[in-house]
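Notes to accompany the following structure.
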Amino acid sequence: MVSLLAWFALPFVALTLYRGYTFIHYYRIARALGIPIIITPISWQDDVWLLTWDNFKWIKRLPNFLSWWFEYSRFSWTQDHRWLPHEKYGDIFVICSPLGNEIMVNDPQACYDVQAHYKQWIKPQSLYDIFETFGRGVISANGDDWQRQRRIINPAFRESVHTSVWDESVKQATQMLEVRMNQHGGRGTIDEVRKDSVLIALHVLSSAGFGHTHDFSGGLRQVPEGHKKSFSESLMYLLSNILIVFLFDKIKPLAWMRPWKAVEIKDTVTEFRGYMKETVAYSRATTQGGGGGQANDIVGALIDADEAAKREEKIAPNSGYGGKPMHLTDDELYGNLYVFNLAGFETTANALTYTMPFLARNPEIQAWVGEEIDRVTNTGSQKEWTYEAAFPSLVRCLAVMVSELILSILHQLTHHQYETLRLWGPTPDVCRGAAGESQIIHVNGQDVVVPAGVYVSANFYGVHSDPRWWGKDSLEWNPKRWISVDPKTGQESIAQTPNGIPFLAWSIGPRICPGKKFSQVEFVAVISTVLKSYRIKPWIMGKMTTEEQARDALLEVVYDSENIITPKMRRPQDAGIMFVER
1 MVSLLAWFAL
11 PFVALTLYRG
21 YTFIHYYRIA
31 RALGIPIIIT
41 PISWQDDVWL
51 LTWDNFKWIK
61 RLPNFLSWWF
71 EYSRFSWTQD
81 HRWLPHEKYG
91 DIFVICSPLG
101 NEIMVNDPQA
111 CYDVQAHYKQ
121 WIKPQSLYDI
131 FETFGRGVIS
141 ANGDDWQRQR
151 RIINPAFRES
161 VHTSVWDESV
171 KQATQMLEVR
181 MNQHGGRGTI
191 DEVRKDSVLI
201 ALHVLSSAGF
211 GHTHDFSGGL
221 RQVPEGHKKS
231 FSESLMYLLS
241 NILIVFLFDK
251 IKPLAWMRPW
261 KAVEIKDTVT
271 EFRGYMKETV
281 AYSRATTQGG
291 GGGQANDIVG
301 ALIDADEAAK
311 REEKIAPNSG
321 YGGKPMHLTD
331 DELYGNLYVF
341 NLAGFETTAN
351 ALTYTMPFLA
361 RNPEIQAWVG
371 EEIDRVTNTG
381 SQKEWTYEAA
391 FPSLVRCLAV
401 MVSELILSIL
411 HQLTHHQYET
421 LRLWGPTPDV
431 CRGAAGESQI
441 IHVNGQDVVV
451 PAGVYVSANF
461 YGVHSDPRWW
471 GKDSLEWNPK
481 RWISVDPKTG
491 QESIAQTPNG
501 IPFLAWSIGP
511 RICPGKKFSQ
521 VEFVAVISTV
531 LKSYRIKPWI
541 MGKMTTEEQA
551 RDALLEVVYD
561 SENIITPKMR
571 RPQDAGIMFV
581 ER
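The numbering of the sequence shown is the working numbering, which starts it at 1 and goes up by one.
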């Protein structure tokens with residue numbers, strides 16, 4: 001019996017000894033950095049810990065000398081603590097664990113340098129494998145491979161695509177409001193707001209991304225011949241379960257322990273790959289047949305650019321990057337399409353979900369935007385509310401007319417998005433690694449030599465909310481902080497960030513998110529459609545008796561958030577909003 005227990009204990013003893021050895025190794029590296037050190041016995045870099053961390057929250061209730069390390073062991077702790085740890089440890093410190101070192105940076109210029117200088121600071125491959133379910137895309141590529149892919153990706157986000165985004169967003173928002181008003185009396189919990197936002201984002205991506213158009217209420221039910229799941233259902237499953245899909249592929253025993261889940265994941269991946277193959281094949285046939293060049297969805301635009309790269313290769317056979325051809329392989333096409341959908345889905349759905357409660361709490365902001373909407377549309381005609389009228393034409397109108405037309409609204413609505421993303425952006429922090437043997441990072445006059453293999457994370461949430469740069473109201477949602485008024489003309493424009501600090505919600509520099517404008521157009525279209533005809537109020541629900549209680553509940557729900565790839569509210573069912581016709 002003792003012998004049997006010893007055999008069972010042997011793997012755990014071996015793992016403990018190994019982790020002890022690696023911790024000593026990484027601690028020596030951390031000491032050499034010359035910056036404050038936080039030690040944790042386990043880290044978010046451990047895949048098993050990622051899955052099980054939630055079961056150990058009781059550790060936080062232990063005395064501080066036993067639990068102090070726990071917060072720093074979890075993924076995206078910066079969402080909860082923002083800049084506060086930097087008040088104690090400084091604008092740069094290192095978290096050391098048996099799995100490696102992670103340098104945390106809260107200095108705006110250093111964060112900019114790490115994000116913008118993509119040749120010196122590269123994306124660690126192991127952290128970006130999660131995005132490669134269908135192939136390596138531009139989000140995880142580095143060096144020449146990234147340049148090659150970006151050259152083809154950029155043209156995919158052209159104006160015809162943005163027109164499609166606007167039109168589909170207005171359609172989906174209008175239908176969402178009809179459903180909410182006719183079936184639910186205009187009321188909905190924040191959980192329902194999240195579901196509505198997810199459907200809007202999903203259907204906009206289906207249309208503008210793949211050319212699959214659905215009504216707001218019917219997208220998940222339409223299953224074409226030859227498929228077991230609808231396009232939207234397959235996409236929503238993958239986007240909502242990205243971490244689970246990745247871990248089941250990486251940790252093989254999970255499939256043995258939960259075989260039904262493994263089958264579900266495999267079938268959904270196969271379904272979605274089939275949809276992508278069909279769409280790419282159709283777009284490729286259209287482009288090669290002489291019908292390309294005018295696609296108004298991302299797949300078509302991407303195929304147009306890819307086929308153009310192939311034609312260029314025939315003219316200049318040796319014009320590739322780093323030994324690779326200029327065009328994308330099929331797996332690279334699929335990988336990029338998947339990432340575009342993931343980024344667009346999470347960014348917009350989250351921005352809408354977090355914006356609605358803030359708007360409900362701030363009627364004066366709604367009135368401020370509504371005043372401008374009324375000024376532009378006069379009668380509120382839907383025909384006047386187009387992408388073509390808003391983006392290309394209205395700049396000229398502003399230039400020659402005293403009255404502020406629709407671009408003012410678009411700026412203000414974009415400010416809503418900027419302010420929401422400042423506080424609740426999709427990514428609390430982003431890791432980079434030193435290219436070559438080492439790189440130097442400059443923080444507050446100190447030069448820190450960062451060797452290869454050490455992660456450097458820019459604390460986006462810290463930089464975006466530190467009172468040193470944003471003032472005492474840094475945690476307050478105030479879109480007006482983004483408005484700059486020309487004292488001579490009265491014209492409003494997007495204000496510069498205070499003290500010139502970088503705004504990092506879409507990253508910055510050459511590796512800035514290629515879908516930035518895509519998300520802005522979608523967000524602006526949805527919010528403007530809502531506020532054109534409705535006002536948003538807190539919903540007095542459950543045991544609440546006053547609007548003040550409903551307002552407070554909204555704020556409590558928003559700030560009780562966790563991070564599952566992106567921010568998610570833990571109790572979205574505990575507060576709600578109402579759409580009230582103007």
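Don't be surprised by glycine CBs; every beta carbon is placed ideally from N, CA and C.
Starting from the Cα of residue i, find the closest Cα among the options and give me that residue.
| i | options | result |
| --- | --- | --- |
| Gly135 | Leu328, Val524, Asp560, Phe503 | Leu328 |
| Ala141 | Leu202, Pro567, Val339, Asp80 | Val339 |
| Ala309 | Lys568, Pro155, Thr16, Lys532 | Pro155 |
| Val454 | Phe12, Ala32, Lys537 | Ala32 |
| Gln149 | Val449, Ile303, Phe358 | Ile303 |
| Tyr89 | Val105, Ile59, Met181 | Val105 |
| Asp47 | Leu127, Pro451, Thr22, Val269 | Leu127 |
| Thr78 | Gln120, Ile564, Val580, Asn350 | Ile564 |
| Met541 | Tyr534, Val530, Ala553, Val204 | Ala553 |
| Phe518 | His117, Gln183, Thr163 | Thr163 |
| Tyr354 | Ser76, Ile527, Leu238 | Ile527 |
| Leu84 | Val443, Tyr282, Asn459 | Asn459 |
| Val198 | Phe246, Phe579, Leu239 | Leu239 |
| Ser76 | Phe345, Trp44, Val456 | Trp44 |
| Glu635 | Gly370, Ile512, Ser438, Gly226 | Nothing can be reported for residue 635: it is not among the residues displayed for the chain, which extend from 1 to 582. |
| Phe523 | Phe345, Ile153, Asp374 | Phe345 |
| Ala281 | Glu307, His86, Ala116 | Glu307 |
Classify residue i as helix, strand or coil using the three-state DSSP reduction.
| i | result |
| --- | --- |
| Lys568 | strand |
| Thr489 | coil |
| Ser561 | strand |
| Pro325 | coil |
| Phe75 | coil |
| Cys111 | helix |
| Leu62 | coil |
| Gly380 | Low confidence applies to Gly380: its pLDDT is 43, below 50, so where it sits in the model is not reliable, and the reading given next is rough at best. In the structure shown, Gly380 sits in coil (DSSP, three-state: anything other than H, G, I, E or B). |
| Ala583 | Beyond the ends of the chain as shown, which are 1 and 582, falls residue 583; an answer cannot be given. |
| Phe272 | helix |
When we look at the beta-carbon of residue i and count the other beta-carbons within 10 Å, is it buried (16 or more) or exposed?
| i | result |
| --- | --- |
| Ala301 | buried |
| Glu159 | exposed |
| Tyr559 | exposed |
| Trp260 | exposed |
| Gly218 | exposed |
| Met176 | buried |
| Ile42 | buried |
| Tyr18 | exposed |
| Pro98 | buried |
| Arg180 | buried |
| Gln183 | exposed |
| Ala349 | buried |
| Lys171 | buried |
| Val395 | Summary for Val395: the model assigns pLDDT 28, below 50, so the residue's position carries little reliability; its value from the coordinates is reported in the next sentence. Exposed, by the Cβ-count rule. |
| Glu12 | In the sequence on display, residue 12 carries Phe and not Glu. Exposed is the call here. |
| Leu531 | buried |
| Val402 | Caution applies to Val402, whose pLDDT of 21 falls short of 50 and renders its modelled position unreliable; the model cannot decide the point. |
Determine which residues share a DSSP beta bridge with residue i and list them.
| i | result |
| --- | --- |
| Tyr455 | Glu102, Gly433 |
| Arg187 | Met578 |
| Asp447 | His442 |
| Trp121 | Ala434 |
| Arg535 | Val580 |
| Val94 | Ile37, Ile103 |
| Ser217 | None; Ser217 has no bridge partner. |
For residue i, collect the residues of the same chain with a Cβ closer than 8 Å to its Cβ; drop the 5 residues on either side in sequence, then sort them by chain order.
| i | result |
| --- | --- |
| Lys60 | Ser67, Phe70, Glu71 |
| Thr189 | Trp539, Met541, Pro572, Gln573, Asp574, Ala575, Gly576 |
Leaving out the 5 sequence neighbours to the left and right, which residues in its chain are closer than 7 Å to residue i when beta-carbon positions are compared?
| i | result |
| --- | --- |
| Ile39 | Trp69, Cys96 |
| Met356 | Val193, Ile536, Ile577 |
| Lys250 | Asp47 |
| Pro502 | Pro108, Cys111, Tyr112, Ile508 |
| Ala360 | Ile536, Lys537, Pro538, Leu554, Ile577 |
| Ala208 | Val161, Ser164, Val165, Glu168, Asp297, Ile298 |
| Pro325 | Glu313 |
| Tyr334 | Phe134, Gly135, Arg273, Met276 |
| Ala343 | Cys513, Gly515 |
| Asn341 | Leu205, Gly209, Leu235, Leu239 |
If I measure Cβ to Cβ from residue i and keep anything under 6 Å in the same chain, skipping five residues before and after, which residues do I get?
| i | result |
| --- | --- |
| Trp166 | Tyr387, Val521, Ala525 |
| Met544 | Ala550 |
| Tyr474 | In the sequence on display, residue 474 carries Ser and not Tyr. The residues are Ser465, Pro467. |
Measuring only between beta-carbons, confirm whether residue i sits less than 9 Å from chain D.
| i | result |
| --- | --- |
| Val263 | Structure shown: chain D not included; a single protein chain is present. |
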